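Residue numbers (our numbering), protein chains in the order written: chain S, 6 to 341; chain P, 6 to 341.
Okay, so here's the structure we're looking at.
Protein chains: 2
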Amino acid sequence: MNELDAILAADVLLAADMRGIDSHGVARLSGYVRLFEANRANANPQWKIIHETPSTATVDADNGLGLVVAPKAMEIAIEKAKNAGTGWVAIQNSNHFGIAAYHAMKALEHDMIGIAMTNASPLVAPTFSKERMLGTNPFCYVFPAGKNKPVVVDMATATAANGKLEIAQRNQNEIPKGWVQDKNGNESTNADELKNGGALLPLGSSYKTSSYKGYALSSVADIFCGVLSGANYGPWVPPFVSFLNPLENLPGKGIGHFVGAMRVDAFRPVDDFKNNMDNWIERFKNATPIESNQKVIIPGEPEFAEEEKRLESGIPLNDKVVEDLKSLAKKFKLEF
Amino acid sequence: MNELDAILAADVLLAADMRGIDSHGVARLSGYVRLFEANRANANPQWKIIHETPSTATVDADNGLGLVVAPKAMEIAIEKAKNAGTGWVAIQNSNHFGIAAYHAMKALEHDMIGIAMTNASPLVAPTFSKERMLGTNPFCYVFPAGKNKPVVVDMATATAANGKLEIAQRNQNEIPKGWVQDKNGNESTNADELKNGGALLPLGSSYKTSSYKGYALSSVADIFCGVLSGANYGPWVPPFVSFLNPLENLPGKGIGHFVGAMRVDAFRPVDDFKNNMDNWIERFKNATPIESNQKVIIPGEPEFAEEEKRLESGIPLNDKVVEDLKSLAKKFKLEF
């Protein structure tokens, strides 16, 4: 990759590690390298805008890393918002973009609301199906505040994303009911169920507790990211892991993302908005707790706390990740 | 109300009944009348745009019914989208807007994606709290298709909205775990729990199955509809029922909505999008089912089926609703 793109990609991975999203940080570095090695991703993409209006654009990422193209698409959205009030960019022909919050949070320094979504390779079964049809397709919404940290919603639309399963697998733990089903569509608490042909469950977990809502939300992300951009969607989204090949006769190009930026002052004065956001945040923090030692958490609060802690004490890496980075360093003749 | 506004409001209620959303149809008519009688809503509002950019506007609804102002705000969004690619309207100082899908679906005839959200009076407790802080704040996203019916996602961000509880109450049924908690924050299966000081649970139902995601989604709707528009938010959103008074020292005006319209051809040619939507819909309908007699359902499919049925056989009204309409007719000297 060229140096500037490499620095940007590293910054996205580092932000994930700093925020405590260990599943999306340097632990993934060798995965991206394997995508390059398998010619599944383009290290030096010539991405371009292929369609636009005053408040929208569609970007062809030229099979580059989402880590690099998504922040650039977010910059386009921000520029559009400066003129039109809001800016929206759909991205086709891309690859995994890391944490959604990195891209959406770029809006904050401009007093804008930031939005980012992506689709991802299929692991989630829609309600009533035993087939993996959707990715964990995250939604991210970022709202600036005044004295307080911004509100940062960054969530997979599955009940539990794959990272949580991997932790349970490492610790040989049973997982709660409602995270996965087995290959026949039955309830399961086996952390290895995905390896056995099972599927993750949409947010809501079961029909009785409205899993069709999680399935619908995941579909919304899939349609914005896949169908609206001209990328692949549903079961056709190419796998992140290089040892699995994409399906044949794909209906679109690569994976897709969707990002947006909305100027707060396109709706009301920024100070009024931020004052009300502070009031919102403080009121919710002080909602009557069930247990006196566990207050209500504001979306994004745990990640800001983790970032502060890791800025002080460093990023704890697990041994497997350290070994993985060491072999990458060796392969590319870099100091470790 | 003036005749045109009354016709529009009736059309929104009728659409709910036609689509099988009985909780939001004519069953609510007397509730709206009581809001007028209690001087809680303005029957002849002078709503106006108080702020705008090429792709955005903020509307002060002058305390009118959301049933009337939301479709008009959606028209503004559609006009903005014609020029800027997308249009977004935040609405303050409003009241209950009926079903979100009515407003969002106005985008369809223009080959646009439609979006509608509202906040609502607090019934939902955030994760770790026993206090009602959020409404059932629905998200609605509508995507046009080609040969197939559009995809219509219209969902409360609580696991189960109040209407479902009311049905269980009428039938004296226990409700599933995960819908409500009691006033101390404990799990409950009592359909009357809300009357006893309990709360609805956010989508995800419990911490283990990620109720903080449902709480976050409901917060996103609350911030777009309440904070961004200058309406009330969180626990301050005024109650729909006229016998409960709004809190004092409100931070905003009335309740809030947020609507949007996105031209499909601001991103890619409409025919390409619709072809891919048809493919998306058909692929999901044919996802491998768990039970051979229950196929995967496309978001919006049950409501279109119900509409077709009711167009044929009429709208079944329950006796209490008929009595309620009869007394309204008598009060206003109308034929029944």
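Cβ atoms here follow ideal geometry from the backbone N, Cα and C, with glycine treated the same way.
Since the structure is predicted, the reported quantities are computational estimates derived from the model, not experimental observations.
Please decide whether P256(P) counts as near chain S, where near means a Cβ-Cβ distance under 8 Å.
Yes, its Cβ sits closer than 8 Å to a Cβ of chain S.
Count the other C-beta atoms from every protein chain shown that fall within 10 angstroms of the C-beta of N142(P), then say buried if there are 16 or more, exposed otherwise.
Counting Cβ neighbours within 10 Å, N142(P) comes out buried, since at least 16 surround it.
Specify the secondary structure class of R268(S) as computed by DSSP and reduced to three states.
Strand at R268(S).
Counting contacts by CB-CB distance shorter than 8 Å, is T123(S) in contact with chain P?
Not an interface residue.
I'd like to check one pair, G259(S) with P244(S): are the Cβ atoms closer than 8 Å?
No. Outside cutoff.
Secondary structure of M23(P), DSSP reduced to three states:
The answer is helix: DSSP assigns M23(P) an H, G or I state.
Leaving out five residues on either side along the sequence, give the residues of the same chain with a beta carbon under 6 Å from the beta carbon of Y107(S).
V17, A20.
For Y37(S), count neighbouring Cβ atoms within 10 angstroms of its own Cβ and tell me buried if that reaches 16, exposed if not.
Classification of Y37(S): buried, given that the 10 Å Cβ count is 16 or more.
When DSSP labels each residue in this structure, what does W241(P) get in the three-state scheme?
Three-state DSSP puts W241(P) in a helix.
Smallest Cα separation from G190(S): which of F248(S), A196(S), V246(S), P131(S)?
The residue with the shortest Cα to Cα distance from G190(S) is P131(S).
Spatial distance of D197(S) from F289(S) (CA atoms)
Rounded to whole angstroms, the separation of the alpha carbons of F289(S) and D197(S) is 37 Å.
Could you please give me the residues that DSSP links to Y212(S) through a beta bridge?
According to DSSP, which records beta bridges pairwise, Y212(S) is partnered with nothing at all.
Under 9 Å between beta-carbons, which chain P residues line up against W285(S)? List them in chain order, please.
Under the 9 Å cutoff, chain P gives S224, D227, I228, G231, V232, Y238, G239, P256.
For D277(P), decide whether its Cβ has a neighbour in chain S, counting only Cβ atoms nearer than 8 Å.
Closer than 8 Å to the CB of D277(P) there is at least one CB belonging to chain S.
My understanding is that V129(S) touches L9(S), with C-beta atoms under 8 Å, so please give their C-beta distance in whole angstroms.
At roughly 35 Å, the Cβ-Cβ gap does not stay under 8 Å, so V129(S) and L9(S) are not in contact.
Give a yes or no on whether the minimum CB-CB distance between A105(S) and chain P is below 8 Å.
Closer than 8 Å to the CB of A105(S) there is not a single CB belonging to chain P.
Using the DSSP secondary-structure output, state which residues sit across from F102(S) in a beta bridge.
Its beta-bridge partners do not exist; DSSP assigns none.
F148(S) and P155(S): beta carbons closer than 8 Å?
Yes, Cβ-Cβ distance for F148(S) and P155(S) is below 8 Å.
Can you find a C-beta in chain P that's less than 8 Å from the C-beta of R24(S)?
At a cut-off of 8 Å, the C-beta of R24(S) has no neighbouring C-beta in chain P.
May I have the straight-line CA-CA distance separating M79(S) from K87(S), to the nearest angstrom?
Roughly 12 Å between the two C-alpha positions.
Kindly indicate the opening and closing residues of the alpha helix (DSSP H) around F41(S).
Residues 34-42.
Under the three-state DSSP convention, the category V64(S) falls into:
Reduced to three states, the DSSP call for V64(S) is strand.
Using the three-state DSSP reduction, which class does V156(P) fall into: helix, strand or coil?
DSSP places V156(P) in strand when its eight states are reduced to three.
S99(P) and T164(P) closer than 8 Å at C-beta
No; because the gap between Cβ atoms is not below 8 Å, this pair is not in contact.
Boundaries of the beta strand (DSSP E) in which V31(S) is found, first to last residue:
Counting along the chain, V31(S) sits inside no beta strand (DSSP E), nor does DSSP assign it H or E at all.
Expected contact under 8 Å - CB spacing of G25(P) and A266(P) to nearest Å:
Contact doesn't hold; Cβ gap of about 25 Å is too wide.
Integer-rounded CB distance, given that G71(S) should sit under 8 Å from G103(S)
Contact flag correct, Cβ pair sits at about 7 Å.
Taking the beta strand (DSSP E) that G119(S) belongs to, which residues open and close that run?
First-last of the beta strand (DSSP E) with G119(S): 117-123.
Is it buried or exposed, Y212(P), if we count other Cβ atoms within 10 angstroms and call 16 or more buried?
Label assigned to Y212(P): exposed.
Own chain, CB closer than 8 Å to K53(S), minus 5 neighbours either side, in chain order
For K53(S), where only same-chain residues beyond five positions count, the Cβ hits under 8 Å are V64, D65, D67.
Beta-carbon gap between C230(P) and G257(P) smaller than 8 Å
No. Outside cutoff.
Would R175(P) be called buried (16 or more neighbouring beta carbons within 10 Å of its own) or exposed?
Per the 10 Å Cβ criterion, exposed.
Whose Cβ in chain P lies nearer than 7 Å to the Cβ of F289(S)?
Per Cβ cutoff of 7 Å: P131, M138, G239.
Where E136(S) falls: helix, strand or coil (DSSP):
Reduced to three states, the DSSP call for E136(S) is coil.
Give me whichever residues DSSP pairs with C145(P) in a beta bridge.
According to DSSP, which records beta bridges pairwise, C145(P) is partnered with A121(P), D159(P).
Is the beta carbon of Y217(P) less than 8 Å from the beta carbon of I286(S)?
Result no, Cβ atoms of Y217(P) and I286(S) do not sit closer than 8 Å.
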